[in-house]
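Here the structure is laid out as structure tokens; the discussion comes afterwards.
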Amino acid sequence: MYTQSLSPVAAPLLGSKTADTNLPGTCPHKTAQPAQLERPPPNGGWSEGQKDTGYPTPEIRAITEQLNTHGYTVINEAIAADMVSLLQAELRPYYSAYPTGKGAFYGNKTVRFGGLFSKSKTSRDLACHPVIVDLMKAVLSPLCDTIQINLTQAIAVLPGERAQIPHRDDDMFPFSHEGQQVMVNCMWPLTQFTEENGGTRIWPQTHSQNTPLGDKDISSYITPTLAPGDLLIWLGSTMHAGGANLTNTPREGIVISYSLGWLRQAENQYLANPPHIAATYPEMLQQLIGYHMHRPNLGWVDGQDPAELLNAGRKNSYSPSQDYLLPASEQRIDAFYAKHHTYSGH
């Protein structure tokens with residue numbers, strides 16, 4: 011199992027270590043001793059050498075390479091114990107209030123609910139963590155101008171729940187994108203995750219296949235053993251599933267998923283986080299949930315960047331519509347008018 015081990019601090023994640031082991035195939039509990047990676051620059055910035063590679067830190071490069079090679083990775087001790095305790099306390103009332111699901115996919119013995127940012131202040135810190143955001147950009151930015159939150163969901167797999175059908179989350183986007191990543195998922199355990207209690211099952215390297223699992227491949231999954239504070243990351247193209255809970259206690263965790271900024275979000279962020287609530291969020295989170303423009307000219311309100319209108323309260327905001335274009339588009343427009351004077355009427 012491929013892992014990253016990071017210092018248990020609230021923010022940011024520093025001093026990462028990586029373990030380079032052979033993929034364990036059907037051996038779900040294999041572990042390895044991590045090897046020390048170089049620490050990132052003190053300011054978390056980009057050095058001249060790193061600009062050429064597109065990675066702000068060695069940690070981001072290592073994790074991205076593991077994702078691109080294996081389809082998943084594990085970060086050990088990604089957040090501190092007190093942060094886990096806050097998440098558990100903030101979400102406990104909702105786990106108790108929401109009923110179990112209906113349907114073979116979501117699970118009849120599984121509790122799920124979204125809108126985490128309005129329910130848990132601490133979940134906002136997870137979503138905006140600089141290391142996580144930099145990682146999402148490293149994986150997704152080749153196909154978009156900005157990234158966004160795809161969904162937030164708390165999940166409790168209750169005793170007696172059967173294993174979920176293996177699936178790829180990016181199948182929700184019905185267009186050909188083989189070999190291109192459009193989504194990345196982060197699972198934050200709030201309890202232990204094991205094979206016995208329904209821990210997430212991962213089929214390594216299935217992100218590069220784009221084909222259904224054959225009968226002989228169904229058992230080739232791994233189940234990373236996780237503790238609260240660890241982090242499991244997998245690509246939207248990686249085959250995975252919730253496991254069967256054979257114990258007498260729930261398996262709880264939260265998922266925060268990221269996607270290309272121009273895709274439809276799985277969770278409607280504008281109802282989950284309406285303007286009067288989103289206005290209280292940090293600016294980065296406002297942008298991540300979709301209160302921002304994506305070039306060229308996607309997501310505007312009255313021709314304006316919604317971030318400005320959100321924070322201004324839209325009071326008498328009669329302003330001119332503004333272009334919001336990529337530099338290449340601006341150059342193409344300028345070149346067109348420079349060449350076609352007669353057509354333009356000037």
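In terms of our numbering, the sequence shown opens at residue 11 and continues consecutively.
Beta carbons: idealized from backbone N, C-alpha and C, even for Gly.
Contact check for D315 against Y291 fails: the beta carbons are separated by 8 angstroms or more. L96 and S331 have their alpha carbons spaced roughly 43 angstroms apart. E188 and G355 have their C-alpha atoms some 45 angstroms from each other. According to the DSSP assignment, Y82 belongs to the beta strand (DSSP E) that extends over 82-86. Contact between the region 239-251 and the region 272-291 is absent: fewer than 3 CB-CB pairs across the two stretches fall below 8 angstroms. A check of alpha carbon separations from T132 across G209, I212, I266 identifies I266 as the nearest. Every beta strand (DSSP E) stretch that sits fully inside the region 135-223 and reaches 3 residues is listed by chain position as 157-167, 193-199. Counting of Cβ neighbours within 10 angstroms places K147 among the buried residues, the total reaching 16 or more.
Rounded to the nearest whole angstrom, the CA to CA distance from T74 to L298 is 20 angstroms. Bounds of any alpha helix (DSSP H) do not take in Y268; it lies within the beta strand (DSSP E) bounded by 261-270.
I243 and V194 do touch by the CB rule: their CB atoms are close to 7 angstroms apart, below 8 angstroms. A straight-line Cα-Cα distance of about 14 angstroms links Q215 and G224. Rounded to whole angstroms, T79 and H217 show a C-alpha spacing of 9 angstroms.
Note that the region 82-89 does not touch the region 101-112; fewer than 3 beta-carbon pairs, one per stretch, sit closer than 8 angstroms.
Straight-line spacing of the CA atoms in Q158 and L295 works out to 9 angstroms. DSSP, reduced to helix, strand and coil, places A322 within a helical segment of the structure shown. Within the same chain, N255, T257, R261 come within 6 angstroms of N207 by CB-CB distance, once the 5 residues on both sides are set aside. The bridge partners DSSP lists for V121 are T110, A166.
A straight-line Cα-Cα distance of about 33 angstroms links L308 and P68.
By the criterion of a C-beta distance shorter than 8 angstroms, C138 is surrounded in its chain by P292, M294, L295, L298, once the five residues flanking it on both sides are discounted.
Assignment of H302 by DSSP, reduced to helix, strand and coil, places it in the coil class. Non-local C-beta neighbours of D180 in its own chain, meaning closer than 6 angstroms and more than five positions away in sequence, comprise V192, M193, G246, S247, ordered along the chain. Within the DSSP bridge table, the entry for I70 names no partner. Taking every protein chain shown into account, the CB of S186 has fewer than 16 other CB atoms within 10 angstroms, so this residue is exposed.
Take the alpha-carbon of Q174 and the one of L200: they are about 20 angstroms apart. The criterion of a C-beta distance shorter than 8 angstroms is satisfied by Q190 and L153.
Exclusion of the five residues before and after P285 leaves L320 as the residues of its chain whose Cβ lies within less than 7 angstroms of its Cβ.
Between T120 and A166, the alpha-carbon positions lie close to 6 angstroms from each other. A residue is called buried once 16 or more other Cβ atoms fall within 10 Å of its Cβ, and Q279 is buried on that count. As a beta-bridge residue in DSSP terms, N255 pairs with N207.
Straight-line spacing of the CA atoms in F183 and D155 works out to 18 angstroms. Under the three-state reduction of DSSP output, Q314 falls in the strand class. Q163 is a Cβ neighbour of G124, given a cutoff of 8 angstroms. From the listed residues M197, L161, Y328, P176, the smallest Cα separation to D227 is found for P176.
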